[in-house]
Structure formats: structure tokens, C-alpha cells
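Working notes, beginning with the structure itself.
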Amino acid sequence: MNSEFSNSNILEGREEAEYLMREIKMGNSATVVKMGEPTGDIALIGLAVMGQNLILNMNDHGFVVVAYNRTTAKVDQFLENEAKGTKVVGAHSLEEMVAKLKKPRKVMMLVKAGSAVDDFIAKLVPLLEQGDIIIDGGNSEYQDTRRRTKDLESKGLLFVGSGVSGGEEGARYGPSLMPGGNPAAWPALKPIFQSICAKSGDEPCCDWVGEDGSGHFVKMVHNGIEYGDMQLICEAYHLMKDALNMDNEEMSNSFTEWNKGELDSFLIEISSNILKYKDESGDYLLEKIRDSAGQKGTGKWTAISALEYGMPVTLIGESVFARCLSSLKGERERASKILKGPEGAEFTGEKAAFVEDIRQALYASKIVSYAQGFMLLRQAAQEFGWNLNYGGIALMWRGGCIIRSRFLGNIKDAFDKNPALDNLLVDDFFRDAIHNAQGAWRRVVSQAVLMGVPTPCFSTALAFYDGYRSDMLPANLIQAQRDYFGAHTYELLGQPGAYHHTNWTGTGGNVSASTYSA
Ligand code: 2AM
30 MNSEFSNSNI LEGREEAEYL MREIKMGNSA TVVKMGEPTG DIALIGLAVM
80 GQNLILNMND HGFVVVAYNR TTAKVDQFLE NEAKGTKVVG AHSLEEMVAK
130 LKKPRKVMML VKAGSAVDDF IAKLVPLLEQ GDIIIDGGNS EYQDTRRRTK
180 DLESKGLLFV GSGVSGGEEG ARYGPSLMPG GNPAAWPALK PIFQSICAKS
230 GDEPCCDWVG EDGSGHFVKM VHNGIEYGDM QLICEAYHLM KDALNMDNEE
280 MSNSFTEWNK GELDSFLIEI SSNILKYKDE SGDYLLEKIR DSAGQKGTGK
330 WTAISALEYG MPVTLIGESV FARCLSSLKG ERERASKILK GPEGAEFTGE
380 KAAFVEDIRQ ALYASKIVSY AQGFMLLRQA AQEFGWNLNY GGIALMWRGG
430 CIIRSRFLGN IKDAFDKNPA LDNLLVDDFF RDAIHNAQGA WRRVVSQAVL
480 MGVPTPCFST ALAFYDGYRS DMLPANLIQA QRDYFGAHTY ELLGQPGAYH
530 HTNWTGTGGN VSASTYSA
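Just so we're on the same page, our numbering is the position in the sequence shown counted from 1, plus 29.
Laid out in C-alpha cells, this is it:
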């Protein structure tokens with residue numbers, strides 16, 4: 030028996046004997062582990078579906094996983110069912126779990142975000158030693174991950190917060206993984222993470238993201254972008270349905286066509302399938318679904334960060350608000366009986382040409398959304414001193430996750446060409462794409478406005494584009510107004526950094542307020 034094992038206070042006496050009998054009856058390799066050297070490559074805490082599927086995925090790739098759960102009955106259930114016949118090893122206490130791991134020990138948690146993560150960390154710290162690694166694969170807030178990375182570093186432990194995306198299916202057969210935290214952990218994790226993750230061609234959709242909370246931050250932005258992509262598709266559907274009176278079969282076919290080109294993506298593919306799905310009574314199910322969108326908050330977190338760091342991530346913001354507006358269903362029903370739209374606005378142009386315009390408007394808006402998402406990443410990197418791998422991030426999203434698409438390959442190429450790229454919009458490929466699409470994009474937004482069909486994300490993307498490409502904006506008037514009523518001062522063109530105050534009314538004096546930037 031090795032010293033690690035004898036030092037641990039694993040189940041003792043009768044309880045241990047009973048446990049060993051059960052293990053032997055089940056033919057579980059855990060028994061062998063208890064008698065010899067530890068064989069576990071990684072432990073996984075949290076046997077909900079995501080956790081179970083990740084374990085099975087790791088097992089498929091030849092890793093020995095030690096499975097643990099707070100409610101230990103789930104460990105036995107898992108070993109007797111889903112994990113039967115695999116090399117997965119069960120543990121009924123954290124001590125037992127740790128004793129079964131090879132060094133440096135790697136313990137991954139997939140538990141409810143929040144205090145459960147802190148509780149497990151507190152219990153693990155005394156059981157682990159210098160250089161061991163704790164990974165949080167849950168949906169934690171990046172600020173929590175920043176704090177945990179620092180706390181554990183001071184104790185000699187390496188903490189990693191990893192975004193895991195792709196749902197249950199992804200976890201089982203290849204998720205998108207976005208690990209960030211203590212960089213010293215990556216060499217030991219890389220073989221496991223890059224084996225089990227999704228692949229784009231031969232390339233793994235997982236790489237080291239950056240320091241402390243960056244993995245969870247990137248996951249959060251991913252979710253925000255997902256909100257935006259979904260809303261853009263909804264706006265295309267709304268225009269097809271209400272401006273062009275297309276039926277579900279026609280709309281589904283258009284989406285299928287779109288999926289063969291620049292818009293090739295998981296979300297377009299499933300939307301095509303959803304549009305043509307019929308229920309038992311032969312009706313299109315989509316048209317019976319209540320138009321009130323739910324949300325779990327990850328899009329909102331992205332929008333809050335955008336406000337916090339002063340980045341105009343307008344499309345994700347609008348997509349969150351669009352869900353909020355949709356959820357005011359009762360109020361909208363009442364308002365629809367009171368408030369009128371434009372009278373007699375009918376589409377009179379060529380339908381097929383307008384469908385193509387909508388496709389291009391969607392593509393151009395999507396480019397803006399990703400450009401904004403990367404602007405937020407860059408600002409956060411500056412704020413927190415992260416060295417982010419932008420091309421790698423695009424590749425991490427290329428496969429395995431909800432926003433997977435061909436388009437992310439183009440983003441990867443743009444950052445490969447120029448890792449210090451100012452903005453995706455000024456990359457040659459995306460500049461040309463926007464230039465090609467903008468005529469169609471403007472026609473769609475104008476038509477939508479004329480017909481009273483709301484297209485908040487198409488519209489905000491276009492407004493952003495027009496703002497971003499303007500060397501002069503009317504913010505000179507804002508500065509003048511601020512100085513007028515609050516003596517906040519202004520700079521003159523060509524003289525940044527020198528602040529002036531004008532006594533606009535001849536009264537109120539020449540005292541200026543201290544400057545601030547928001
Ligand atoms: P459970 O099976 O014991 O409830 C998803 O909910 C996973 O997170 C489950 O494995 C669940 O364990 C775990 N979990 C949720 N809240 C927890 C808590 N406060 N402490 C420990 N594990 C928790």
C-alpha cells in the first residue's frame with residue numbers, strides 16, 4: 030500500500046469492508062486501485078448529464094477518470110449504468126478520489142456555479158499538494174474565476190476556469206473547450222483537453238485562452254454572440270414571414286440554401302429544420318409556440334461587461350433587449366389593439382431578390398456582431414492584463430459549440446494574418462464582405478422600417494457600421510452641451526489632452542468642473 034493511500038482517511042473498518050465487497054461484486058477496477066499505485070488521469074466531480082458525458086468522452090480517448098458526486102449514490106448508479114464496462118473508477122469521498130489520482134493531480138468540477146465551487150475548493154485544498162490542478166468547467170462568472178486563480182496560486186495550486194460549450198451532445202462527443210487560468214496548468218491538461226474536444230478538420234477546438242478569468246470571460250462572450258446570432262436569424266424569419274408572406278416550407282428551403290454558403294452554421298441548419306417541423310396534427314409546430322423568449326442571463330452578463338468596459342457591443346445588447354420585449358407578451362397584446370403601424374405598407378418588389386438581400390443583411394450584421402465581441406475581448410484583456418489568443422478563440426468556437434460556423438474559420442484567418450488586428454471590420458476579407466453586402470443591408474433595414482417590422486439587430490449593426498466608419502460624429506455637440514450646463518470642459522480638434530472651458534452665457538463664471546471620462 031503506498032504512503033498516499035495509508036495517509037488518507039478513506040472509509041474505515043466495516044464501512045470500508047462493505048465498500049470493497051460492493052466494488053468486487055461490480056467487478057470495478059477501483060478495487061485494484063485501492064491495492065496498488067493510483068491510476069487515475071483526472072477526477073471529475075459532478076455527475077449531472079454534462080459531467081457524465083465528459084467522463085465517457087475522456088474514457089473513450091483512453092483516460093482513466095475517477096468519478097465523484099456530492100450525492101454518492103449517483104456514483105454507484107453511474108458505474109452500474111452509463112459507465113458499465115468502461116475504465117471509469119468511482120470514489121465515495123474526496124479523500125478516496127484524490128488517492129486514486131496520478132500526480133500532478135487534476136480535479137475537474139462540473140457543479141452548479143457559485144458557492145458549490147467554493148465549497149469543493151475549500152475541501153480539496155487540504156487534500157492536494159503543490160502543483161496539483163483544479164479545473165472548474167461550470168458556468169462560473171469570470172470575476173469568481175479571477176479570485177479563485179489568485180487564491181489558489183498563493184497556496185501553490187493551479188486553478189483553471191474552462192468554458193465548456195456544446196451541450197450534452199458536445200460534452201459526449203466533442204465540446205468546444207475554453208480553458209484559462211494559471212498557465213502552468215496547461216501542459217498537463219493539454220493532452221486531455223485537446224483529445225476530447227471538437228475538431229475542425231484536424232485542428233482541436235480547444236487551446237489555452239489566457240490568464241485567470243479569461244476562459245470564463247470568453248465563454249460568456251460566446252454566449253452573448255449566440256444571443257445575437259439567434260436574434261439575427263429571427264429577424265430574417267420575421268421579414269420573410271411578415272414582409273414577404275413566405276410559408277414555412279419556403280422559408281426552410283431558403284435557410285437550407287443559405288447553409289451552403291457564407292452563413293453555413295449550426296444555428297441556420299437547426300432553424301431550417303425547425304421551420305419545416307410538423308406536429309401530430311400536421312401543423313407547423315413553430316407557429317404554435319408562444320413568442321416569449323426565456324434567458325438564463327449569460328447574454329445579459331456580456332451586455333453588462335460591455336457597459337462596464339465602455340465597449341459598444343450594441344448587437345448583443347439589442348438581442349438581450351429583444352428577448353425582454355418579447356417576454357412582455359401580455360402588454361404587447363394589449364398595445365397591439367391600440368398602437369398602429371404604417372398604413373397599407375406592402376412589399377411590391379421582387380421576392381427572390383429580397384430574400385437574397387435579407388441573407389446579405391444577416392451576413393453583414395453578423396460580421397459587425399463578431400467584430401464587437403472581439404472588441405470586448407480586447408478591452409477586457411487590456412483591463413486585466415490577459416494575453417489573449419484571438420485566432421485560437423475563433424478556432425475554439427469553430428466547432429463543437431452552438432455558434433459553430435464556417436465564418437469562424439475566416440475570423441481565425443484574419444487573426445492569423447495579423448494577430449494585432451485593430452478590428453475585424455478592417456481586415457481585407459471582412460471589409461470586402463461588408464462592402465459587397467451593404468447595399469442589400471440598407472435596403473432591408475429601410476424596407477423593414479417602412480413596413481413596421483422590427484429589426485433591432487440588423488438596424489443597430491448598420492448604425493454601428495456607419496458610426497465606426499465616420500471620422501466625425503456629432504459628439505462635439507455633446508461636449509459643448511456638457512460644458513455649457515456643467516462646465517465639464519472640451520478638447521479642440523487636433524489638440525487632444527488640452528481642456529478648455531467656455532463661459533457660454535456670459536454668466537456663471539469661468540470655473541470648470543473636474544474632467545472625467547465615462
Ligand atoms: P448532487 O447530485 O449531489 O445534487 C449539477 O447540479 C451538479 O452540481 C450535481 O452533480 C450536483 O450534485 C452538484 N451540486 C449542485 N449544488 C451543489 C452543492 N451546493 N454542493 C455540491 N454539489 C452541488
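A virtual CB, placed ideally from N, CA and C, is assigned to each residue, including glycine.
- Cα atoms of PHE107 and GLN81: separation of roughly 8 Å, rounded to the nearest angstrom.
- At least one heavy atom of the ligand 2AM lies closer than 6 Å to the C-beta of LYS141.
- TYR519 is not a Cβ neighbour of TRP533, given a cutoff of 7 Å.
- Relative to the non-hydrogen atoms of the ligand 2AM, the Cβ of ARG175 never comes closer than 6 Å to any of them.
- Between the beta-carbon of VAL94 and that of VAL117 there is about 5 Å, and that keeps the pair under the 8 Å contact cut.
- For ASN452, the Cβ stays outside the 6 Å cut-off from all heavy atoms of the ligand 2AM.
- When DSSP states are grouped into helix, strand and coil, ILE150 belongs to the helix group.
- The beta carbon of CYS486 sits closer than 8 Å to the beta carbons of GLY257, GLN260, LEU261, GLU264, LEU344, GLU347, SER348, ALA351, SER394, SER398 from its chain, once the five residues preceding and following it are set aside; these are given in chain order.
- Burial of PRO204 is indicated by the presence of at least 16 other C-beta atoms within 10 angstroms of its C-beta.
- The beta carbon of ARG511 sits closer than 6 Å to those of HIS517, all from its chain and outside the five residues before and after it, given in chain order.
- A check of alpha carbon separations from ASP241 across LYS441, TRP215, GLY209, ALA400 identifies GLY209 as the nearest.
- One Cα belongs to LYS289, the other to LYS113, and the distance between them is close to 41 Å.
- If you draw a straight line from the Cα of GLU362 to the Cα of GLY370, it is about 14 Å long.
- Counting every other CB atom within 10 Å of its CB across the protein chains shown gives ASN302 a total below 16, marking it as exposed.
- HIS529 sits in a strand when the DSSP states are folded into three classes.
- Exclusion of the five residues before and after GLY160 leaves PRO133 as the residues of its chain whose Cβ lies within less than 6 Å of its Cβ.
- Not one heavy atom of the ligand 2AM is found less than 6 Å from the C-beta of ARG435.
- Here ILE318 is exposed. Its C-beta has fewer than 16 other C-beta atoms within 10 Å.
- Residue side-chain check: ASN302 keeps its Cβ at 6 Å or more from all non-hydrogen atoms of the ligand 2AM.
- Taking the C-beta atoms as reference points, CYS353 is found no nearer than 7 Å to GLY195.
- In this structure, DSSP gives GLU379 a state outside helix and strand, which the three-state scheme calls coil.
- Bounds of the alpha helix (DSSP H) holding GLU286 are 277-287.
- Note on geometry: alpha-carbon atoms of LYS129 and GLU66 lie some 8 Å from one another.
- Within the DSSP bridge table, the entry for ALA72 names VAL95, VAL136 as partners.
- As computed with DSSP, ILE164 is found in a beta bridge with MET137, VAL189.
- The alpha helix (DSSP H) runs lying completely inside the region 358-430 and spanning 4 residues or more are 358-365, 380-413, 419-427, given in chain order.
- ASP500 and LYS325 have their C-alpha atoms some 38 Å from each other.
- Non-local C-beta neighbours of SER355 in its own chain, meaning closer than 7 Å and more than five positions away in sequence, comprise ASP320, SER321, ALA322, ordered along the chain.
- Distance check between VAL146 and each of GLY75, TRP415, PRO233, MET340 places GLY75 closest, using alpha-carbon atoms only.
- Unbroken alpha helix (DSSP H) stretches of 4 residues or longer found wholly inside the region 455-530: 457-480, 485-497, 504-515, given in chain order.
- By the Cβ-count criterion, GLU412 is exposed, with fewer than 16 other Cβ atoms from all chains shown falling within 10 Å of its own Cβ.
- Minimum Cα-Cα distance from TYR419 among the listed residues ALA527, VAL238, ILE225 corresponds to VAL238.
- The nearest non-hydrogen atom of the ligand 2AM is 6 Å or more from the C-beta of THR331.
- Our two residues, LEU153 and ALA120, have alpha carbons roughly 14 Å apart in a direct line.
- DSSP lists GLY192 as the bridge partner or partners of MET207.
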